[in-house]
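A.B. asks: So that we are looking at the same thing, I have put the structure below in structure tokens.
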Amino acid sequence: MRSDRAVIGLTLLLLLGAAGCDLFETRDPEPPGTDNQSLPFATDDQVLLQNFQSAFQQKNITEYEKLFADSALHGRTFLFVPNQSAAVRYPSVFAAWNTDSETDYFRKLVGALDASSAPRMVLAFPAPPVRYQNDSAVHTVEYTLTVQHDRPGVTDQFTGRSELYMAPNALGLWTVYRWVDYETKKDSGWSELKGQFSK
53 MRSDRAVIGL TLLLLLGAAG CDLFETRDPE PPGTDNQSLP FATDDQVLLQ
103 NFQSAFQQKN ITEYEKLFAD SALHGRTFLF VPNQSAAVRY PSVFAAWNTD
153 SETDYFRKLV GALDASSAPR MVLAFPAPPV RYQNDSAVHT VEYTLTVQHD
203 RPGVTDQFTG RSELYMAPNA LGLWTVYRWV DYETKKDSGW SELKGQFSK
């Protein structure tokens, strides 16, 4: 009787091992700030704005990338128009800015932040959005960004005003297809942040 139990126990152990159970294997660590959490589908422009703020503050690179138009799904190529000062200061950076550039700058920014530090974004809306039927909108936002990074000689606070042009893609999810930035304080707009962290 005792030998039967031993055989059954040994058989169960062998079956668990053969099933490839990885209970005791260590997992590779995830890169910092990539998939903190999934954000809601941007089924309208308001959800898109919430995701814009959340992805930035969560250092969520994957969700940040989803905010911007993909020409394959949208029929439009994402365009960022920097403020005039930054356009002069970083001409080669902004000459061919696209969705990949946007994601790359954000990845470098996240990499320059302390693991325990989260960037802060405060948005104000000085005017209601301009809507074009049900398929597009333009939001004017006044922003203040606080970013505790490790780059010497670069400010950690950025303020300015932006116009965000949004529309749904082929899947019905809203994305930003055009972003125009305006300077309200010398050398401290979002364009400056992008110029500094695109290097």
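Using our numbering, read the sequence shown as starting at 53 and increasing by one per residue. Note that beta-carbon positions come from the ideal geometry of N, C-alpha and C, so glycine has one too.
Am I right that residue 318 and residue 153 are in contact with their C-beta atoms under 8 Å? What's the rounded C-beta distance?
C.D. replies: No statement about residue 318 is possible, as the shown extent of the chain runs from 53 to 251 and does not include it.
A.B. asks: Please confirm whether residue 182 and residue 190 have their CB atoms less than 8 Å apart.
C.D. replies: Contact: yes.
A.B. asks: Mark residue 171 as exposed unless 16 or more other C-beta atoms lie within 10 angstroms of its C-beta, in which case mark it buried.
C.D. replies: Per the 10 Å Cβ criterion, buried.
A.B. asks: Residue 158 to residue 135, Cα distance in whole Å?
C.D. replies: In a straight line, the C-alpha of residue 158 is about 18 Å away from that of residue 135.
A.B. asks: With a Cβ-Cβ cutoff of 8 Å, do residue 224 and residue 95 count as a contact?
C.D. replies: Cβ atoms of residue 224 and residue 95: closer than 8 Å.
A.B. asks: Tell me whether the stretch 94-114 and the stretch 136-144 touch, counting them as touching only if at least three CB pairs, one residue from each stretch, are closer than 8 Å.
C.D. replies: Counting Cβ pairs under 8 Å, fewer than three are found: no touch.
A.B. asks: Have a look at 246, 235, 222, 239 and flag the residue whose alpha-carbon is nearest the alpha-carbon of residue 123.
C.D. replies: Checked all of 246, 235, 222, 239; the closest Cα to residue 123 is 222.
A.B. asks: Hey, which unbroken runs of the alpha helix (DSSP H) at 4 residues or more fall wholly within the stretch 144-214?
C.D. replies: Qualifying alpha helix (DSSP H) stretches, in chain order: 151-163.
A.B. asks: Using the C-alpha atoms, what's the distance from residue 116 back to residue 155?
C.D. replies: Their backbone Cα atoms lie some 7 Å apart in a straight line.
A.B. asks: Tell me the DSSP secondary structure of residue 121 in three-state form.
C.D. replies: If DSSP states are grouped into helix, strand and coil, residue 121 belongs with coil.
A.B. asks: I need the boundaries of the alpha helix (DSSP H) containing residue 245, first residue and last residue.
C.D. replies: Counting along the chain, the alpha helix (DSSP H) containing residue 245 begins and ends at 242-249.
A.B. asks: In whole angstroms, what separates the C-alpha of residue 239 from that of residue 114?
C.D. replies: Taking the straight line from one Cα to the other gives about 28 Å.
A.B. asks: Could you give the DSSP three-state label for residue 216: helix, strand or coil?
C.D. replies: Three-state result, residue 216: strand.
A.B. asks: Residue 187 and residue 219 - do their beta-carbons sit closer together than 8 Å?
C.D. replies: Yes. Within cutoff.
A.B. asks: Which residues bound the alpha helix (DSSP H) around residue 141?
C.D. replies: Taken as a continuous stretch (DSSP letters only), the alpha helix (DSSP H) holding residue 141 covers 136-141.
A.B. asks: Under 8 Å, do residue 193 and residue 165 count as touching if we go by C-beta distance?
C.D. replies: No, the pair does not count as a contact, with Cβ atoms beyond the cut-off.
A.B. asks: Grab me the residues of residue 244's own chain with a C-beta within less than 6 Å of its C-beta, minus the 5 sequence neighbours each way, in chain order.
C.D. replies: So the qualifying residues of the chain are 138.
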